[in-house]
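>
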Amino acid sequence: MINIALPKGRLGEKVYSLLSRVGFNCKEFTPESRKLIFKDESGEVNYFWVKPSDVSVYVELGAADVGVAGKDIIDEYSPDVYELADLDMGKCAMCIAARADFKDDVSSPLRVATKFVRTAENYYADIGRDIEIIKLNGSIELAPVLGISDVIVDIVETGTTLKENNLKVIGKISDISARFITNKAAFKFKNKEITAITEKLKEAVKIYD
Amino acid sequence: MKFAKREEFIVEELSELYKGRGFKRYKPGCFEEYSLYQDNKDFLIGKNVISFSDLSGKLMAMRPDVTLSLVRHIEVEKGATEKLYYNEKVYRQATGGKNYKEISQLGVEVVGAIDLAVVAELTVLICRTLATINENYVLDISHMGYTEGLLSEFGADKQLIAEYLKSKNLHDFNKLAGVRGYSDGLKNAFYTAVSVYENVEVTLQNAEKAALNDSMKSAVAELKDVYAIIKKFGYVDRVNIDFSACGNADYYNGVVFNGYLKGVPHSVLTGGRYDRLLTKLNKNGGAIGFALYLGEIERYFAKDDESVDYLIIYDDKTQLAALDIANEKNKLSQTVRLSGCLPAGLTYKNIIDLKCKEAIK
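Set out below in structure tokens:
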């Protein structure tokens, strides 16, 4: 029996659709359902439907043996897990954006608004730029517009929200995609099952994506 | 999932196991000079230490680890070994926790002349330690000579490759390999180090073939020797070679151990060869050891049976009678709980209610 944590939302639905095509179907699974745990008919897997940013927590703590988490979450929280596959979906980029008229004033610390505090800190530490972090939980784009930050560090998928708020991408930190992760201890004790599901999922990504 | 045994039984069994191999109990002081941890903070699991000034104004710390104290205070004659075990509390952040915690830690250390017999004996002791708690265990063995040898081939990308190795991340490695144009030999060495094979002998053969330098070759040779010995003693079913586990190269230099127990989502035992710590502390010889983090698995141990044989309920008039009955029951090796009312949450096999003046069985 393998416990799989899927991120609620479009990405989770897509991954579930792949898994159901390679033998892990679950009739009772409907994204609209209020249920959080679903069992498949074969009795081989349980699905947990969790908040995307919590998938790595469930996997690291062993509640789920495997899960699907965005690279942004893995980079931000550095969970002690194995990263077995790049599912090549949920693609976007971790970017730095600023107002269209932004000019970096290196004589003072750069004010950075973000949800991804560690990612931003690590990036600016690497390039040696002094920063002040403003931790926000949503609508990050508002921060430079209202003047509380110089730049933002956030996920950019299409760039539409940035454009609508008169912001532009001024740098890319990393490419993001969905990753298949596993708890390290589970990988030792359920190696055959986890390896098999990883291989099936990789194949499914190639065929159906 | 719970283990079948209670923690105190396991500690007792393990102490007997180590004493049986001539290991002496080591008892460090609770406090140590802060500088010892400050100078060697990368050796510690958590980087934060509880510090305070002693009565003479010297900056001291509550020990977050036993190994550093042990190595600092033990003097071993050239060519000899000191074999020690400990069962102590340490004070540090629990894994994933936000505050300091008192954590039970049990460990074994050998300091001095470390030869193949010592490494093999310790490996067997680790298997027996894990099996004492739960027969369903896995011991991963890695080797710093192999991982450091491999990483040294990647030059400036060493740190990034170490991250990929630790998380068995082949996809991002492949992307980087495409950009950098790594040779097939280099790629193959990384694939081999990341892969887990069911058969240790096959893993070691592959690792030998993929070895790129003397450091990797001599690491495989040592692992082969250790494996041959533990195989002879029948401890191979639950042993894997897994080079994705690597310690801090400033301290560790040889075999690295990571022990897992079925039902626990993280490693419960870590250890390895750490000659470089001795060098840093200006000591001669080598050292090898392991620590079992009992405090981090305490919730998995079987709990004490808190039920009693007899619950005796008394009132003002029946206090003496209740004490008499309790004494009689104790003489018959039965457990008794006296109470003026029904204690919440207590389980009992029999109740004698002296308020009602009748016994209910």
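Going down the list, the protein sequences come from chains A and B. The working numbering applies: residue 1 is where the first sequence begins, and numbers increase by one. The working numbering applies: residue 210 is where the second sequence begins, and numbers increase by one. Positions of the beta carbon are idealized from the N, C-alpha and C atoms, including for glycine.
#1: Counting only beta-carbon atoms, is residue 415 of chain B nearer than 7 Å to chain A?
#2: For a contact defined as C-beta to C-beta under 7 Å, what are the partners of residue 405 of chain B on chain A?
#3: Would you kindly work out how many angstroms separate the C-alpha atoms of residue 553 of chain B and residue 469 of chain B, rounded to a whole number?
#4: What would DSSP say about residue 329 of chain B, mapped onto helix, strand or coil?
#5: Per DSSP, which residues does residue 302 of chain B bridge with? Please list them.
#6: Against residue 86 of chain A, what residues of chain B qualify as contacts under a CB-to-CB distance less than 8 Å, listed in chain order?
#7: As an exercise, report each continuous beta strand (DSSP E) stretch of at least 3 residues that is fully enclosed by the region 54-138 of chain A, in chain order.
#8: Does residue 525 of chain B pass the burial test, meaning 16 or more other C-beta atoms within 10 Å, or should it be called exposed?
#9: When the Cα atoms are used, what is the spatial distance from residue 142 of chain A to residue 166 of chain A?
#10: Which complete alpha helix (DSSP H) runs does the region 422-456 of chain B hold, if anything under 4 residues is left out?
#11: Report all residues from its chain with a CB closer than 7 Å to the CB of residue 212 of chain B; omit the five preceding and five following residues, and keep chain order.
#12: Name the two residues that bound the continuous beta strand (DSSP E) containing residue 475 of chain B.
#13: Residue 268 of chain B: which of B:254, B:240, B:358, B:447 sits nearest, CA to CA?
#14: Between residue 471 of chain B and chain A, is there a C-beta pair that is closer than 7 Å?
#15: Considering only residues of the same chain and omitting the five flanking positions on each side of residue 396 of chain B, which have a CB-CB separation below 7 Å?
#16: Kindly say whether residue 376 of chain B, judged by its beta-carbon, lies nearer than 7 Å to any beta-carbon of chain A.
#17: Output needed in chain order: residues of the region 82-106 of chain A with a Cβ under 7 Å from some Cβ in chain B.
#18: Indicate whether residue 153 of chain A and residue 112 of chain A have their beta-carbon atoms separated by less than 7 Å.
#19: Buried or exposed: which applies to residue 106 of chain A, given that a residue is buried once 16 or more other Cβ atoms fall within 10 Å of its Cβ?
#20: Nearest to residue 80 of chain A by CA position, among A:203, A:133, A:182, A:178, is which residue?
#21: Within the region 142-176 of chain A, note down every full beta strand (DSSP E) run reaching 3 residues or more, in order along the chain.
#22: Mapping DSSP to helix, strand and coil, what is residue 140 of chain A?
#23: Pull up the DSSP beta-bridge partners for residue 283 of chain B, would you.
#24: Output, in chain order, the set of chain B residues within a Cβ distance shorter than 9 Å of residue 125 of chain A.
#25: Are the CB atoms of residue 480 of chain B and residue 466 of chain B within a distance shorter than 7 Å?
#26: Determine whether the Cβ of residue 3 of chain A lies closer than 7 Å to any Cβ atom of chain B.
#27: Can you give me the Cβ contacts of residue 426 of chain B inside the same chain, cut-off strictly under 6 Å, excluding the 5 residues immediately before and after it?
#28: For residue 576 of chain B, count neighbouring Cβ atoms within 10 angstroms of its own Cβ and tell me buried if that reaches 16, exposed if not.
#29: I'd like to check one pair, residue 170 of chain A with residue 96 of chain A: are the Cβ atoms closer than 7 Å?
#30: If we ignore side chains and look at the alpha-carbon of each, how far apart do residue 233 of chain B and residue 372 of chain B end up?
#31: If we count Cβ pairs, one from each stretch, closer than 8 Å, do we get three or more for the region 126-143 of chain A versus the region 59-67 of chain A?
#32: In chain A, which residues lie with their C-beta within 7 Å of the C-beta of residue 347 of chain B?
#33: In angstroms with no decimal places, state the Cα-to-Cα distance between residue 2 of chain A and residue 401 of chain B.
#34: Residue 11 of chain A CB to nearest chain B CB: under 7 Å?
Taking the definition as stated:
#1: Translated into the one-based positions of the second sequence, residue 415 of chain B becomes position 206. Taking Cβ atoms only, chain A never reaches closer than 7 Å to residue 415 of chain B, which makes this a no.
#2: Position 196 of the second sequence, counted from the first residue, corresponds to residue 405 of chain B. Residues of chain A passing the Cβ test: 191.
#3: Position 344 of the second sequence, counted from the start, is the residue given in the question as residue 553 of chain B. Position 260 of the second sequence, counted from the start, is the residue given in the question as residue 469 of chain B. Cα-Cα distance, rounded: 38 Å.
#4: Stepping through the second sequence from its first residue, residue 329 of chain B is reached at position 120. Helix, per DSSP.
#5: For the purposes of this step, residue 302 of chain B is taken as residue 93 along the second sequence, with counting starting at 1. Beta-bridge pairing links residue 302 of chain B to B:309.
#6: Residue mapping note: residue 86 of chain A aligns to position 86 of the first sequence, counting from 1. For residue 86 of chain A, the C-beta contacts it makes with chain B under 8 Å involve 380, 381, in order along the chain.
#7: Complete beta strand (DSSP E) runs here, min 3: 66-70, 81-86, 92-99, 110-114, 131-135.
#8: Reading the second sequence from its first residue, position 316 is the one you call residue 525 of chain B. Residue 525 of chain B counts as exposed, since fewer than 16 other beta carbons sit within 10 angstroms of its beta carbon.
#9: Taking the first residue of the first sequence as position 1, residue 142 of chain A is located at position 142. Taking the first residue of the first sequence as position 1, residue 166 of chain A is located at position 166. Between the C-alpha atoms of residue 142 of chain A and residue 166 of chain A there is a straight-line separation of about 10 Å.
#10: DSSP runs (the alpha helix (DSSP H)) wholly in the region 422-456 of chain B: 423-441.
#11: If you number the second sequence from 1, residue 212 of chain B lands on position 3. Residues of the same chain with a CB within less than 7 Å of the CB of residue 212 of chain B, apart from the 5 flanking positions on each side, are 342, 343, 509, 510, 511 in chain order.
#12: Translated into the one-based positions of the second sequence, residue 475 of chain B becomes position 266. Segment: none, residue 475 of chain B is in no beta strand (DSSP E) and carries neither H nor E.
#13: What you label residue 268 of chain B is simply residue 59 of the second sequence in a count that begins at 1. Comparing Cα positions, the closest option is B:240.
#14: Translated into positions along the second sequence, residue 471 of chain B becomes position 262. It does: the Cβ of residue 471 of chain B has a partner Cβ on chain A nearer than 7 Å.
#15: As a first step, residue 396 of chain B is located in the second sequence; it is residue number 187 there, counting from the start. Only residues of its own chain outside the window of five on either side were considered, and among them 386 have a CB closer than 7 Å to the CB of residue 396 of chain B, listed in chain order.
#16: By 1-based counting over the second sequence, the position of residue 376 of chain B is 167. Yes, residue 376 of chain B lies at the interface with chain A (some Cβ there is under 7 Å from its Cβ).
#17: In summary, the residues of the region 82-106 of chain A whose CB is separated from some CB of chain B by less than 7 Å are 82, 83, 84, 85, 86, in the order they occur in the chain.
#18: On the first sequence, residue 153 of chain A is found 153 positions in, with the first residue counted as 1. On the first sequence, residue 112 of chain A is found 112 positions in, with the first residue counted as 1. Closer than 7 Å, so yes.
#19: What you label residue 106 of chain A is simply residue 106 of the first sequence in a count that begins at 1. The residue in question, residue 106 of chain A, is exposed, as its Cβ has fewer than 16 Cβ neighbours within 10 Å.
#20: Translated into positions along the first sequence, residue 80 of chain A becomes position 80. Looking at the Cα atoms, A:182 is the closest of the given residues.
#21: Runs of the beta strand (DSSP E) lying entirely within the region 142-176 of chain A, each at least 3 residues long, are 151-156, 167-176 in chain order.
#22: Here the question's residue 140 of chain A lines up with position 140 in the first sequence. Three-state DSSP puts residue 140 of chain A in coil, outside helix and strand.
#23: Within the second sequence, the letter at position 74 stands for residue 283 of chain B. BP columns for residue 283 of chain B are empty, so no partner.
#24: Position 125 of the first sequence, counted from the start, is the residue given in the question as residue 125 of chain A. The premise fails here: residue 125 of chain A is roughly 13 Å from chain B at the closest Cβ pair, so nothing lies under 9 Å.
#25: In the second sequence, residue 466 of chain B corresponds to position 257, counting from 1. In the second sequence, residue 480 of chain B corresponds to position 271, counting from 1. At a Cβ-Cβ threshold of 7 Å, residue 466 of chain B and residue 480 of chain B count as neighbours.
#26: Position 3 of the first sequence, counted from the first residue, corresponds to residue 3 of chain A. Taking Cβ atoms only, chain B never reaches closer than 7 Å to residue 3 of chain A, which makes this a no.
#27: Here residue 426 of chain B refers to the residue found at position 217 of the second sequence. Within its own chain, the residues whose Cβ lies closer than 6 Å to the Cβ of residue 426 of chain B, once the five positions on either side in sequence are excluded, are 420, listed in chain order.
#28: The question about residue 576 of chain B has no answer, for chain B in this structure spans 210 to 570.
#29: Within the first sequence, the letter at position 96 stands for residue 96 of chain A. Within the first sequence, the letter at position 170 stands for residue 170 of chain A. Closer than 7 Å, so yes.
#30: For the purposes of this step, residue 233 of chain B is taken as residue 24 along the second sequence, with counting starting at 1. For the purposes of this step, residue 372 of chain B is taken as residue 163 along the second sequence, with counting starting at 1. Pairing residue 233 of chain B with residue 372 of chain B, the inter-Cα distance amounts to about 38 Å.
#31: Three or more Cβ pairs closer than 8 Å define a contact, and the region 126-143 of chain A falls short of that threshold against the region 59-67 of chain A.
#32: To locate residue 347 of chain B, count along the second sequence from 1; it is residue 138. Residue 347 of chain B reaches chain A at 188, 189, counting residues in chain order whose Cβ is nearer than 7 Å.
#33: On the first sequence, position 2 is the one that residue 2 of chain A refers to. On the second sequence, position 192 is the one that residue 401 of chain B refers to. Their Cα atoms are separated by approximately 26 Å.
#34: For the purposes of this step, residue 11 of chain A is taken as residue 11 along the first sequence, with counting starting at 1. The beta carbon of residue 11 of chain A does not come within 7 Å of any beta carbon belonging to chain B, so the residue lies off that interface.
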